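Visitor: Next up is a structure, given as structure tokens.
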Amino acid sequence: MARVIIGLSGGVDSAVAALLLKEQGYDVIGVTLRTWQSDDGSESRCCEIDDARATADVIGIPYHVFNCLSDFDEKVIKPFIDDYIHGITPNPCVVCNREVKWERLLYHANVLQADFIATGHYASVVKLNNGRYTVKQASHIEKDQTYMLYRLSQEQLSRTLMPLSDMTKEEVREIAKKAGIPVAGKPDSQEICFAEDDDYAGFIKQQTDGKVPPEGNFVDESGNVLGRHKGIIHYTVGQRKGLGIALGHPVFVKEIKADTNEVVLVDEEDLYATRVTCRSLNFMGIEKINACEELTCNVKLRYRHKAQPATVRLLGPDRVEILFDTPVKAPTPGQSAVFYDDDGCVLAGGIIE
RNA sequence: GGGGAUGUCGCCAAGUGGUAAGGCAACGGACUUUGACUCCGUCACUCGUAGGUUCAAAUCCUGCCAUCCCUG
Numbered sequence: 025m026a027r028v029i030i031g032l033s034g035g036v037d038s039a040v041a042a043l044l045l046k047e048q049g050y051d052v053i054g055v056t057l058r059t060w061q062s063d064d065g066s067e068s069r070c071c072e073i074d075d076a077r078a079t080a081d082v083i084g085i086p087y088h089v090f091n092c093l094s095d096f097d098e099k100v101i102k103p104f105i106d107d108y109i110h111g112i113t114p115n116p117c118v119v120c121n122r123e124v125k126w127e128r129l130l131y132h133a134n135v136l137q138a139d140f141i142a143t144g145h146y147a148s149v150v151k152l153n154n155g156r157y158t159v160k161q162a163s164h165i166e167k168d169q170t171y172m173l174y175r176l177s178q179e180q181l182s183r184t185l186m187p188l189s190d191m192t193k194e195e196v197r198e199i200a201k202k203a204g205i206p207v208a209g210k211p212d213s214q215e216i217c218f219a220e221d222d223d224y225a226g227f228i229k230q231q232t233d234g235k236v237p238p239e240g241n242f243v244d245e246s247g248n249v250l251g252r253h254k255g256i257i258h259y260t261v262g263q264r265k266g267l268g269i270a271l272g273h274p275v276f277v278k279e280i281k282a283d284t285n286e287v288v289l290v291d292e293e294d295l296y297a298t299r300v301t302c303r304s305l306n307f308m309g310i311e312k313i314n315a316c317e318e319l320t321c322n323v324k325l326r327y328r329h330k331a332q333p334a335t336v337r338l339l340g341p342d343r344v345e346i347l348f349d350t351p352v353k354a355p356t357p358g359q360s361a362v363f364y365d366d367d368g369c370v371l372a373g374g375i376i377e
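Note that my numbering has the first sequence beginning at 25, numbered continuously upward.
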């Protein structure tokens, strides 16, 4: 009987994933990685231990909690803060999945002599004809989570099971309810798991003892001063709300200039771009992109967006340019660009410059 | 000192005698394993101020106040 370690977040998805695996005959061990604990002792939304333990009890599987607070701090929190201070908008969940969740689950799988690790993500792991592993978009595209998984390694994928790939949220809740799982009605997870009250800027200030970039100017593309901003950590490219500036028509953040401490505002139509470059690539469904070769694919620039047709070309050892068939709105430095084939399999991805 | 202009929600701004449009911003909610976007909803019993005319005024008249411009 194959043994599998499942990461239980305390939410309904991972609970049902565990239940399904057990029903399929796996020897299932539940694990929660404690990644974050706020000052008042409450747990983050990615690791609610009481709920996870209760879930494991109901399903009837062994359960362990592993601390990885320092790992999470080092690999997720620190880079997250550093990015914002430099005017970049990171994807903490992308980093966390590869560097913390999968890394640690695999480690403990080895220690506990498990064959696989599993999670409650809405996506599936597939092995392509070229021998490579990749993640494929969930059947119900609304819940698809492949965007957050594109940085996983081949080794990680080769040992990963994701039982929820073809399920809808409703089906998952229904299964949880029938099985008497206590978190069946729990709301979906959302927002950054470690920042309380969804106040990431406040979180950064607190973590850095207030040593964040100071107030500065809002400027237009010609450099004319339009007003004052609260400090660049409060903004992200494409942002409209929270600017506190009334020009009679909506304006959006086009660029954050960390070097001059300026935030560039433009009209909506000036937010579009056809060419986007990115670096720090991770290859998944393909091994690499050759020089002079063009990769035709669909590219997703943010989590909740549809992938758009584009052509990707190599620019350097770890750098590509993406040329979209039609202009895309507000490509944002620090966010990920994920390349999909027409079947919804991830081919590769990188970080927007 | 004299002349001119303007004062309507945080900003811009309709309204010119019939009982306060709209845009922006803001706030609330929905959506969401990142940040955003988007969507929905809320937002002046009151029109610089004090009087007057009128059945009725932000809209007409008078005084005052404030701001801006021109001229000395």
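The C-beta atom is built at its ideal place from N, Cα and C for all residues, glycine as well. Remember, it's a predicted structure, so these values are computed and weren't measured experimentally.
Going by CA-CA distance only, name the one from Pro211, Ile280, Leu45 that's closest to Gly240.
Guide: What you label residue 240 is simply residue 216 of the first sequence in a count that begins at 1. Closest by alpha carbon: Ile280.
Visitor: With which residues is Leu347 paired in a DSSP beta bridge?
Guide: Along the first sequence, read from residue 1 onward, the residue named residue 347 stands at position 323. Paired residues: Arg299, Thr335.
Visitor: Would the stretch 139 to 149 and the stretch 88 to 95 be scored as touching if the rule is three or more Cβ pairs under 8 angstroms?
Guide: In short, these stretches do not touch, since the Cβ pair count stays below three.
Visitor: Pick from His329, Glu311, Ala225: whose alpha carbon is nearest that of Ile109?
Guide: Mapped onto the first sequence, residue 109 falls at position 85. Ile109 has its Cα closest to that of Ala225, out of His329, Glu311, Ala225.
Visitor: Under the rule that 16 or more other beta-carbon atoms within 10 Å means buried, what is Val135, buried or exposed?
Guide: Taking the first residue of the first sequence as 1, we reach residue 135 at position 111. Counting Cβ neighbours within 10 Å, Val135 comes out exposed, since fewer than 16 surround it.
Visitor: For Arg299 versus Leu338, is the C-beta distance shorter than 9 angstroms?
Guide: To locate residue 299, count along the first sequence from 1; it is residue 275. To locate residue 338, count along the first sequence from 1; it is residue 314. Contact: no.
Visitor: Between the Cα of Asn154 and those of Ile375, Leu371, Ile376, Glu377, spot the shortest distance and give me the residue it belongs to.
Guide: Here residue 154 refers to the residue found at position 130 when the first sequence is read from its first residue. Ranking Ile375, Leu371, Ile376, Glu377 by Cα distance to Asn154 puts Leu371 first.
Visitor: What did DSSP end up calling Thr79 once you bin it into helix, strand or coil?
Guide: The count along the first sequence starts at 1 and reaches residue 79 at position 55. Here Thr79 sits in helix by DSSP.
Visitor: Would you say Val100 and Tyr171 are within 9 angstroms of each other, going by their C-beta atoms?
Guide: Within the first sequence, numbered from 1, the residue matching residue 100 stands at position 76. Within the first sequence, numbered from 1, the residue matching residue 171 stands at position 147. The answer is no: Cβ separation not under 9 angstroms.
Visitor: Please identify the residue among Lys102, Cys369, Ile53 whose C-alpha is closest to the C-alpha of Thr232.
Guide: Your numbering for residue 232 matches position 208 in the first sequence. Taking only the C-alpha atoms, the option nearest Thr232 is Lys102.
Visitor: The beta strand (DSSP E) with Glu279 in it runs from where to where?
Guide: Locating residue 279 in the first sequence gives position 255, counting from the first residue. From DSSP, the beta strand (DSSP E) with Glu279 extends over 276 to 281.
Visitor: Within a Cβ cutoff of 6 angstroms, which residues of the same chain sit near Lys353, ignoring the five residues on either side of it in sequence?
Guide: Within the first sequence, residue 353 is the residue found at index 329, counting from 1. The residues are Leu295, Tyr296.
Visitor: Tell me, please, whether the stretch 125 to 145 touches the stretch 25 to 45 by the rule of three or more beta-carbon pairs shorter than 8 angstroms.
Guide: These segments touch.
Visitor: Looking only at its chain, what residues have a beta carbon closer than 8 angstroms to the beta carbon of Asp365, apart from the 5 residues adjacent to it on each side?
Guide: The sequence position of residue 365 within the first sequence is 341, counting from 1. Within the same chain, Asp365 has close Cβ partners Gly309, Cys321, Asn322, Leu371.
Visitor: Within its chain, find whatever has a CB closer than 8 angstroms to the CB of Tyr174; leave out the 5 residues flanking it on each side and keep chain order.
Guide: If you number the first sequence from 1, residue 174 lands on position 150. So the list reads Val118, Val159, Asn306, Met308, Ser360, Val362, Val370, Ala372, Gly373, once near-sequence residues are dropped.
Visitor: If you drop the 5 nearest sequence neighbours on each side, which residues of the same chain put their C-beta closer than 8 angstroms to that of Val207?
Guide: Along the first sequence, read from residue 1 onward, the residue named residue 207 stands at position 183. Result list for Val207: Gly34, Gly35, Val36, Ala39, Asp75, Ala78, Thr79, Ala200, in chain order.
Visitor: Which one of Gly84, Ile83, Val89 has the shortest CA to CA distance from Ile73?
Guide: Here residue 73 is taken as the residue at index 49 of the first sequence, counted from 1. The option with the nearest alpha carbon to Ile73 is Val89.
Visitor: Which residue or residues does DSSP assign as beta-bridge partners of Gly251?
Guide: Translated into positions along the first sequence, residue 251 becomes position 227. Gly251 pairs with Phe242.
Visitor: Who pairs with Val159 in a beta bridge, going by DSSP?
Guide: Within the first sequence, the letter at position 135 stands for residue 159. Per DSSP, Val149.
Visitor: Which word fits Gly111, buried or exposed, when buried means at least 16 other C-beta atoms lie within 10 angstroms of its C-beta?
Guide: As a working note, residue 111 is residue 87 in the first sequence. Classification of Gly111: buried, given that the 10 Å Cβ count is 16 or more.
Visitor: Where does Val236 sit, in a helix, a strand or coil, going by DSSP?
Guide: Here residue 236 is taken as the residue at index 212 of the first sequence, counted from 1. Three-state result, Val236: coil.
Visitor: Going by alpha carbons, who is nearest to Gly266 out of Leu289, Tyr157, Pro114?
Guide: By 1-based counting over the first sequence, the position of residue 266 is 242. Ranking the options by Cα distance to Gly266, first place goes to Leu289.
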